[in-house]
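Participant:
There are 4 protein chains.
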Amino acid sequence: MEIEIATIGGYEEVGRQMTAVRAGNDVVIFDMGLNLSQVLIHDNVETERMHSLDLIDMGAIPDDRIMSDLEGDVQAIVPTHGHLDHIGAISKLAHRYDAPIVATPFTIELVKQQIESEQKFGVENDLVKMDAGETMTIGDHGVELEFVNVTHSIIDAINPVLHTPEGAIVYGLDKRMDHTPVIGDPIDMERFREIGREDEGVLCYIEDCTNAGRKGRTPSEKVAREHLRDTLYSMEDYDGGIVATTFSSHIARVKSLVEFADDIGRQPVLLGRSMEKYSGTAERLDFVDFPTDLGMFGHRKSVDRTFKRIMNEGKENFLPIVTGHQGEPRAMLTRMARGETPYELNAGDKVVFSARVIPEPTNEGQRYQAEKLLGMQGARIYDDIHVSGHLNQEGHYEMLDALQPQNVIPAHNDLEHLARYIDLAENQGYALGRDLHATRNGNLIQLVD
Amino acid sequence: MEIEIATIGGYEEVGRQMTAVRAGNDVVIFDMGLNLSQVLIHDNVETERMHSLDLIDMGAIPDDRIMSDLEGDVQAIVPTHGHLDHIGAISKLAHRYDAPIVATPFTIELVKQQIESEQKFGVENDLVKMDAGETMTIGDHGVELEFVNVTHSIIDAINPVLHTPEGAIVYGLDKRMDHTPVIGDPIDMERFREIGREDEGVLCYIEDCTNAGRKGRTPSEKVAREHLRDTLYSMEDYDGGIVATTFSSHIARVKSLVEFADDIGRQPVLLGRSMEKYSGTAERLDFVDFPTDLGMFGHRKSVDRTFKRIMNEGKENFLPIVTGHQGEPRAMLTRMARGETPYELNAGDKVVFSARVIPEPTNEGQRYQAEKLLGMQGARIYDDIHVSGHLNQEGHYEMLDALQPQNVIPAHNDLEHLARYIDLAENQGYALGRDLHATRNGNLIQLVD
Amino acid sequence: MEIEIATIGGYEEVGRQMTAVRAGNDVVIFDMGLNLSQVLIHDNVETERMHSLDLIDMGAIPDDRIMSDLEGDVQAIVPTHGHLDHIGAISKLAHRYDAPIVATPFTIELVKQQIESEQKFGVENDLVKMDAGETMTIGDHGVELEFVNVTHSIIDAINPVLHTPEGAIVYGLDKRMDHTPVIGDPIDMERFREIGREDEGVLCYIEDCTNAGRKGRTPSEKVAREHLRDTLYSMEDYDGGIVATTFSSHIARVKSLVEFADDIGRQPVLLGRSMEKYSGTAERLDFVDFPTDLGMFGHRKSVDRTFKRIMNEGKENFLPIVTGHQGEPRAMLTRMARGETPYELNAGDKVVFSARVIPEPTNEGQRYQAEKLLGMQGARIYDDIHVSGHLNQEGHYEMLDALQPQNVIPAHNDLEHLARYIDLAENQGYALGRDLHATRNGNLIQLVD
Amino acid sequence: MEIEIATIGGYEEVGRQMTAVRAGNDVVIFDMGLNLSQVLIHDNVETERMHSLDLIDMGAIPDDRIMSDLEGDVQAIVPTHGHLDHIGAISKLAHRYDAPIVATPFTIELVKQQIESEQKFGVENDLVKMDAGETMTIGDHGVELEFVNVTHSIIDAINPVLHTPEGAIVYGLDKRMDHTPVIGDPIDMERFREIGREDEGVLCYIEDCTNAGRKGRTPSEKVAREHLRDTLYSMEDYDGGIVATTFSSHIARVKSLVEFADDIGRQPVLLGRSMEKYSGTAERLDFVDFPTDLGMFGHRKSVDRTFKRIMNEGKENFLPIVTGHQGEPRAMLTRMARGETPYELNAGDKVVFSARVIPEPTNEGQRYQAEKLLGMQGARIYDDIHVSGHLNQEGHYEMLDALQPQNVIPAHNDLEHLARYIDLAENQGYALGRDLHATRNGNLIQLVD
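Quick mapping for you: the protein sequence lines, in order, are chains Y, P, C and E. Add 108 to the 1-based position in the first sequence for the numbering used here, that's all there is to it. Add 108 to the 1-based position in the second sequence for the numbering used here, that's all there is to it. Add 108 to the 1-based position in the third sequence for the numbering used here, that's all there is to it. Add 108 to the 1-based position in the fourth sequence for the numbering used here, that's all there is to it.
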């Protein structure tokens with residue numbers, strides 16, 4: 109059976125991930141992501157109303173025109189988790205393919221919301237839920253799709269595995285090797301090892317290189333949680349305002365914030381559109397068990413009403429958990445910093461960034477401005493209470509050891525980052541150009557012919 | 109009563125801390141430290157045989173000649189904890205003063221060992237043990253010395269407080285605000301707050317500026333411990349060599365390493381002169397309860413014999429905990445990296461640095477070389493599993509809030525670092541040149557006259 | 109005669125420089141600057157319409173309320189050169205003082221333009237021109253004001269010297285020791301040395317610490333000119349668009365750009381409001397001899413008309429010299445990058461930044477965005493073709509050697525930068541707190557009483 | 109005719125460059141370099157006595173065992189210039205090949221000296237001199253070797269071009285596009301353009317990626333010369349010691365130092381083994397016209413005798429130009445810093461580093477120590493008076509434009525640096541894996557078969 113990989117997007121950047129695997133006549137697409145920074149650098153762009161080709165020209169979504177070179181039928185579109193760089197182009201591209209979107213329940217729900225907010229295209233693909241640990245038949249020639257549970261900075265993340273007669277294709281993007289996650293099960297290394305030992309073995313492993321240059325092991329979410337606990341508990345006696353911010357989609361982190369708020373005698377409340385969206389969805393789907401009275405507000409009016417209530421009842425009784433960890437100009441924390449909300453910051457009030465600045469000058473500039481504006485009002489900054497969601501070097505070594513793949517394709521970054529992974533894989537006996545493939549957006553790699 | 113502060117050393121560098129406080133006719137000296145880097149930059153210097161004046165000229169020990177300008181009798185020499193930059197000049201300077209050395213038991217023991225290894229001077233000052241929480245009368249005019257328990261990267265650390273009729277002088281160097289230390293009691297903030305509320309209040313607070321430029325709060329040792337646990341537990345299935353290194357004097361960290369080694373089925377063993385010295389001392393004084401069969405070896409012969417045993421019985425059964433976290437040329441880990449010990453590293457073996465590189469090009473160069481040599485043998489590096497022992501900004505704010513000092517003297521670094529503390533203290537209402545003193549080595553500050 | 113220095117602004121930041129010197133009953137004010145970044149961080153602020161007190165609260169202009177503590181009459185307001193951080197607050201503060209504004213001709217012209225654009229206050233102080241090398245009597249007690257020629261990144265810069273019976277006060281901000289400037293005379297070191305040798309000598313030297321942490325010597329403008337020449341000459345054969353940007357007020361640099369444009373067969377044209385303002389002023393005052401047909405356009409309409417003409421006549425015949433070297437959102441180069449002007453960039457077109465990014469995350473973010481947008485259109489970036497306008501360490505040593513001042517007051521930055529100067533001055537025998545003064549905004553230093 | 113490229117060394121590092129080109133049966137080897145840092149990291153290694161295989165295992169010299177896979181006869185070994193990373197392995201590897209070493213006169217002389225100091229192998233290959241602009245026939249099938257003049261940080265550097273019936277192979281390592289070099293002719297861009305326009309064109313271009321991540325254009329040596337002139341002229345009035353250091357092999361820089369020393373009334377003198385070696389060789393071969401009485405001393409005794417003479421006759425009359433710009437532990441400047449020479453440094457003496465620190469922690473640590481030791485004696489540091497010898501991005505674009513190569517192979521660095529070049533080449537229409545080759549040490553690339 110012919111096996112071919114189309115490396116469509118995310119091989120020259122972080123952002124617009126998209127890869128297709130053809131096994132015989134059956135094609136499965138993994139991820140359809142959006143590179144948001146390519147959009148935001150232009151003023152006044154509204155992606156909801158834009159046409160795909162314009163977004164492709166901007167480098168914002170994958171250029172999937174290479175799909176016409178891939179002879180076969182798309183049987184499934186498989187986003188691996190709910191981050192925008194993995195699902196953000198579905199509303200622009202999925203309608204071109206007559207195939208269902210298959211994902212875990214939380215991811216499906218986020219895809220559904222995105223499709224609903226799309227204003228240019230009508231996306232009508234079936235949405236099919238499949239849990240980690242489950243499998244689905246693809247086509248009629250013995251190909252199976254399996255979801256293996258992984259741990260990442262969003263819940264319900266999986267690595268899809270396409271089992272073919274020629275061996276398994278493991279699409280390994282976006283995970284951390286977490287044995288003590290705060291929500292959900294640990295990464296299913298046992299299953300990866302089994303797949304590695306199966307008769308046909310692993311034909312190809314596609315890997316996320318984001319942290320391939322970082323030594324050691326990415327710490328567990330439990331380590332971030334202890335750091336966060338230490339930080340918030342140390343504020344127990346403070347009788348002024350405390351505000352926290354983190355990635356809205358990072359439900360485990362939000363949960364820790366909610367719990368520690370309660371532990372130090374404050375009522376947590378989630379504020380900002382994304383905060384409401386992700387946490388609300390997670391709660392509705394029973395991924396997290398928030399206190400029944402936990403407030404979540406997304407619309408500006410209800411947010412401002414909540415801030416007024418907080419000011420009336422006393423800031424010392426609340427812990428607002430808000431959007432804005434990167435200093436995004438329109439996010440809630442930035443509005444607070446600019447004095448545009450009813451919440452008044454006083455000297456000594458504490459702002460906790462449970463996030464790291466994504467290292468890019470635009471973010472760094474915006475975050476700097478947000479912190480400076482907060483500082484002008486006397487606020488104190490606690491930053492970097494975070495762990496990455498991506499494998500460091502030792503996780504990569506462990507995955508190679510578990511899967512023993514015949515081919516490796518580094519992905520999810522530019523060539524400079526891929527280069528660091530290539531060094532690492534060569535240490536394990538792979539050779540560039542032989543079984544280790546440095547590729548670009550828009551290429552086809554024929555593995556079996 | 110006249111109160112005067114002599115800022116003798118450590119006000120222009122980290123290293124040779126020494127401060128004297130005169131209350132009427134009675135003088136107490138806090139710390140007599142060594143700036144080791146000023147020694148090491150010269151080849152082949154043996155401090156044990158050197159004269160004080162030469163070491164003063166090198167900038168290695170405090171220039172205490174200003175003490176002759178201080179009219180009064182030295183009643184006590186009080187090192188605050190056992191790090192070299194606080195006790196390392198005692199063997200060179202203490203004999204000039206007819207006064208006992210007063211310190212906590214662990215510190216006293218380290219001072220004693222240092223005096224014994226000195227080869228130039230005979231130091232015969234009395235060594236007096238005093239525990240945190242205890243007090244001692246100084247002279248005959250109502251001055252009392254108190255030790256307040258603090259948490260730092262070495263056990264049995266205190267902040268000495270000199271109670272005078274004019275108010276308390278709090279010598280606040282070298283602490284972290286740790287409510288969940290791994291060994292010993294949490295920092296005694298309750299006592300600091302009491303002292304701040306006393307009638308005379310705090311006349312002067314001398315503070316350590318090392319991290320005054322770092323936002324937020326220094327995490328508890330418990331956070332480092334969870335990070336370390338996560339790291340070592342992740343290696344449980346590895347059947348090759350694992351080696352760890354950390355600050356030898358950091359008994360809490362060594363204890364965590366020893367425990368986690370046991371948890372993952374490996375026998376810990378401490379190797380290197382300093383490892384034996386500090387951990388042996390801590391165990392003899394009952395500060396830590398190591399397994400009875402924990403091996404500690406300092407002399408090269410016994411270390412090499414242990415390495416041979418490890419190689420014979422199987423590296424997979426041991427966790428050597430060694431010196432060399434900064435890549436020091438003669439430390440144990442560097443010797444291992446150079447292949448100068450019987451311990452053979454193999455591809456995939458793991459080296460855990462539970463320490464941060466002290467940010468200075470010399471260290472960075474040496475650590476880089478050590479890591480590169482380790483890497484040439486296939487070793488994998490896990491680094492930065494550590495938390496600082498010094499207060500970040502929020503700890504400084506909290507101390508000012510607790511003590512409400514009338515005067516503040518930033519210390520323990522060069523003026524650039526002091527400047528960061530001065531900014532911080534000015535935010536709290538202090539004013540440079542009024543009640544906030546930017547000083548240098550060799551100055552006298554008259555607080556009450 | 110009593111001598112007192114009021115350190116009003118610019119002792120905790122770069123930006124709102126202002127210092128007053130009282131000699132007996134006569135007071136002279138040096139500089140009244142604006143800290144533009146404190147304004148720009150807020151959205152939609154129009155300084156022209158704002159009240160002084162609001163600008164003081166924002167930290168944008170000096171808080172001159174301390175002037176009421178200074179017993180004496182202001183006899184002159186003396187801006188040292190035309191940069192905004194030295195003259196930008198004149199329109200907000202000068203009207204409070206019944207004294208003329210005394211400056212060199214180019215500076216006076218820029219002050220006049222600023223006063224004319226002010227919309228809140230009517231400033232009616234006399235504007236008095238005085239050239240480098242000239243002196244003026246201040247009051248009736250033997251005080252003289254002298255202007256000594258210095259070299260900086262703007263023309264007609266001086267260091268004012270106030271000669272008093274107690275010695276000279278040298279206000280030494282903003283200069284480079286340039287013996288081969290491109291416009292104007294070399295720095296007048298001979299005169300500084302003479303002043304240092306005079307009977308009364310130098311009572312006090314106020315110095316600019318911006319580069320006190322940088323080793324060596326700031327290169328001459330001639331070095332930047334050769335670097336720029338090498339860059340532009342290397343483009344001689346290119347037949348597409350070349351665009352250059354630099355500090356608008358840096359007339360010497362603009363002159364070099366204009367000359368080299370001609371050398372490589374291109375017609376230079378200055379575009380952007382500030383370009384027109386500074387170069388037009390310099391030309392009218394005969395500081396620079398531009399080609400008679402050199403176009404300078406500031407208003408958007410005339411700029412766009414010029415761009416259209418360039419596009420019609422062929423980009424290869426022109427070198428637009430534009431504003432926007434820091435990526436400022438509304439500057440000309442940023443508009444070009446966003447495709448908002450008629451000038452079309454093509455792949456291979458060259459953009460020359462004859463400027464360094466002012467190291468602050470806001471600038472770095474904006475400049476990054478501008479370069480990225482330029483790159484999306486295929487433009488190639490040449491950056492860092494520049495030399496600083498401020499003294500490095502060796503220039504500071506040389507000034508101390510020439511002036512032999514009795515007192516030194518570091519200025520023009522925050523305490524961290526002052527600290528670097530203090531280290532340097534202590535190497536020369538000064539002592540902090542004795543004859544070397546670390547001060548803050550809003551202090552009085554009594555030198556003679 | 110079959111054309112094949114063997115990428116033997118320097119494709120994963122900077123250091124042990126070696127590439128072979130097979131055209132039919134004829135093979136030409138370009139460069140045989142040494143990676144000195146792989147040697148120096150080990151204590152007490154003497155390369156002169158070591159066997160090739162041990163040096164290959166250390167990663168110090170190219171692993172040329174792949175040459176046995178290349179079917180053909182080596183007709184020439186062609187080092188492109190005299191730097192160690194291009195000629196340093198000749199004494200270890202050349203004797204295995206029955207072929208002459210062909211190079212420019214200065215390079216040949218340095219090769220000869222190296223062979224003479226070798227103690228393990230007897231290298232007896234013919235040494236053939238060929239000047240830039242000349243050609244030589246290789247084998248009997250119409251292959252010609254041409255040397256094109258280029259500009260680099262050493263004199264007499266060329267890029268060899270192998271003209272084959274299938275097109276030219278341009279081996280483009282180590283050059284800067286300098287139109288105003290201080291010694292020798294400008295880079296021969298005219299000839300490169302001609303080669304690009306020839307009938308067969310350029311089959312393959314092998315390019316040096318060192319600076320592929322740096323924007324703009326590498327400045328001409330003339331710019332460094334003006335910077336250096338500005339620096340030294342500013343010291344004209346200083347009547348104490350001035351010392352300069354630079355790359356010993358950088359004859360143009362040494363020449364500038366010698367000239368400017370004379371201009372400011374000081375006698376230059378070259379000190380240190382490498383200083384004597386390179387400058388002596390350049391002078392003997394008439395590449396540079398030094399003053400007839402210019403002293404050059406390499407042996408420690410004669411150096412120390414010279415230092416004594418300088419101290420006797422007055423430091424103010426001399427400018428020692430010494431080795432040690434990277435703080436190498438045994439170089440002359442480091443010895444001076446340690447007080448191990450008769451030259452005594454005084455407070456205010458000036459040390460000029462006409463070199464940049466090669467950015468690697470080992471160098472940075474050693475240089476830091478050297479500067480610190482110099483500073484302890486009062487010396488003042490002038491650093492970074494230098495320009496790179498390698499092409500920045502715009503030079504790369506210009507070369508691609510001139511040569512229009514059918515294939516491009518980035519070289520002379522690790523994959524991360526190669527990646528930056530790959531991005532650049534893709535901007536020009538090349539595609540990775542098609543006509544743009546990311547390769548590793550030990551690969552064969554078949555271009556024509």
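Ideal Cβ positions, reconstructed from N, Cα and C, are used throughout, including at glycine.
Where do the ends of the beta strand (DSSP E) carrying Y/Lys283 lie?
Facilitator: Reading the first sequence from its first residue, position 175 is the one you call residue 283 of chain Y. From DSSP, Y/Lys283 is part of no beta strand (DSSP E); its letter is neither H nor E.
Participant: Would E/Pro469 count as contacting chain P if we go by Cβ distances under 8 Å?
Facilitator: Indexing the fourth sequence from 1 puts residue 469 of chain E at position 361. Chain P, which has a Cβ nearer than 8 Å to the Cβ of E/Pro469, makes this yes.
Participant: Y/Gln434 CB to nearest chain C CB: under 8 Å?
Facilitator: By one-based count along the first sequence, residue 434 of chain Y stands at place 326. No, no contact with chain C.
Participant: Roughly how many angstroms lie between the CA atoms of Y/Gly435 and Y/Glu479, to the nearest whole one?
Facilitator: On the first sequence, position 327 is the one that residue 435 of chain Y refers to. On the first sequence, position 371 is the one that residue 479 of chain Y refers to. The alpha-carbon atoms of Y/Gly435 and Y/Glu479 are separated by roughly 8 Å.
Participant: By the 9 Å beta-carbon criterion, what residues does the stretch 502-526 of chain P contribute toward chain C?
Facilitator: Asp522, Leu523, Glu524, His525 and Leu526
Participant: For E/Ser462, list the residues DSSP reports as bridge partners.
Facilitator: On the fourth sequence, residue 462 of chain E is found 354 positions in, with the first residue counted as 1. DSSP lists E/Thr354 as partners of E/Ser462.
Participant: Fully enclosed by the stretch 425-504 of chain P, which alpha helix (DSSP H) runs are 4 residues long or longer?
Facilitator: 440-445 and 469-484
Participant: Give the C-beta separation of Y/Leu378 and Y/Leu402 to the nearest angstrom, bearing in mind that I take them to be a contact with Cβ-Cβ under 8 Å.
Facilitator: Indexing the first sequence from 1 puts residue 378 of chain Y at position 270. Indexing the first sequence from 1 puts residue 402 of chain Y at position 294. Contact holds; Cβ gap of about 7 Å.
Participant: By the three-class DSSP mapping on this structure, what secondary structure does E/Ser341 have?
Facilitator: Position 233 of the fourth sequence, counted from the first residue, corresponds to residue 341 of chain E. One detail in the question is off: residue 341 of chain E reads as Tyr in this sequence, not Ser. The DSSP-derived three-state label of E/Tyr341 is helix.
Participant: Check whether the stretch 340-355 of chain P touches the stretch 368-377 of chain P, counting contact only when three or more Cβ pairs, one atom from each stretch, lie closer than 8 Å.
Facilitator: yes
Participant: Jot down the residue ranges of each uninterrupted beta strand (DSSP E) in the stretch 281-316 of chain P, minimum 3 residues, whole runs only, in chain order.
Facilitator: 310-316
Participant: For my contact list, C/His191 and C/Ile137 are in at a C-beta cut-off of 8 Å; report their separation, rounded to the angstrom.
Facilitator: The residue given as residue 191 of chain C occupies position 83 in the third sequence. The residue given as residue 137 of chain C occupies position 29 in the third sequence. The Cβ separation is near 17 Å, so there is no contact.
Participant: Just to confirm before moving on: does the CB-CB distance between E/Lys323 and E/Leu499 stay below 8 Å?
Facilitator: Numbered from 1 along the fourth sequence, position 215 holds the residue referred to as residue 323 of chain E. Numbered from 1 along the fourth sequence, position 391 holds the residue referred to as residue 499 of chain E. Contact flag unset, no.
Participant: According to DSSP, is Y/Leu144 part of a helix, a strand, or is it coil?
Facilitator: Numbered from 1 along the first sequence, position 36 holds the residue referred to as residue 144 of chain Y. Note: Y/Leu144 maps to helix in three-state DSSP.
Participant: Taking a contact to mean a Cβ-Cβ separation below 8 Å, would you say Y/Arg325 touches Y/Glu502 in this structure?
Facilitator: Position 217 of the first sequence, counted from the start, is the residue given in the question as residue 325 of chain Y. Position 394 of the first sequence, counted from the start, is the residue given in the question as residue 502 of chain Y. Closer than 8 Å, so yes.
Participant: For Y/Lys200, count neighbouring Cβ atoms within 10 angstroms of its own Cβ and tell me buried if that reaches 16, exposed if not.
Facilitator: On the first sequence, position 92 is the one that residue 200 of chain Y refers to. Counting Cβ neighbours within 10 Å, Y/Lys200 comes out buried, since at least 16 surround it.
Participant: Taking Cβ positions only, does C/Arg124 come closer than 8 Å to chain P?
Facilitator: Walking along the third sequence from the start, residue 124 of chain C turns up at place 16. By this cut-off, C/Arg124 is not an interface position.
Participant: Near C/Leu508, which residues of its chain fall below 6 Å by C-beta distance, leaving aside the five closest residues on each side in sequence?
Facilitator: Against the third sequence, residue 508 of chain C aligns to sequence position 400. Apart from the 5 residues on each side of it in sequence, C/Leu508 sits with its Cβ closer than 6 Å to the Cβ of Gln536 in its chain, given in chain order.
Participant: Give the interface partners of E/Gln474 over in chain P, defined as CB-CB distance under 9 Å, in chain order.
Facilitator: As a first step, residue 474 of chain E must be located in the fourth sequence, where it is residue number 366. Near E/Gln474 (Cβ distances below 9 Å), the residues of chain P are Pro469, Thr470 and Gly473.
Participant: Measure from the C-beta of Y/Arg325 to each C-beta in chain P and report whether the shortest distance is under 8 Å.
Facilitator: For this step, residue 325 of chain Y is matched to residue 217 along the first sequence. Y/Arg325 belongs to the set of residues whose beta carbon lies under 8 Å from a beta carbon in chain P.
Participant: Using a Cβ-Cβ distance under 8 Å, would Y/Ile164 count as near chain C?
Facilitator: Here residue 164 of chain Y refers to the residue found at position 56 of the first sequence. False, the Cβ-Cβ gap to chain C never drops below 8 Å.
Participant: For the candidate residues P/Asp162, P/Ser364, P/Arg464 and P/Thr414, whose alpha-carbon lies nearest to that of P/Asp397?
Facilitator: Residue 397 of chain P sits at position 289 when you count from the first residue of the second sequence. Looking at the Cα atoms, P/Ser364 is the closest of the given residues.
Participant: Starting from P/Lys237 and walking both ways along the alpha helix (DSSP H), at which residues does that stretch end?
Facilitator: Here residue 237 of chain P refers to the residue found at position 129 when the second sequence is read from its first residue. Run containing P/Lys237: none in the alpha helix (DSSP H); it sits in the beta strand (DSSP E), Leu235 to Lys237.
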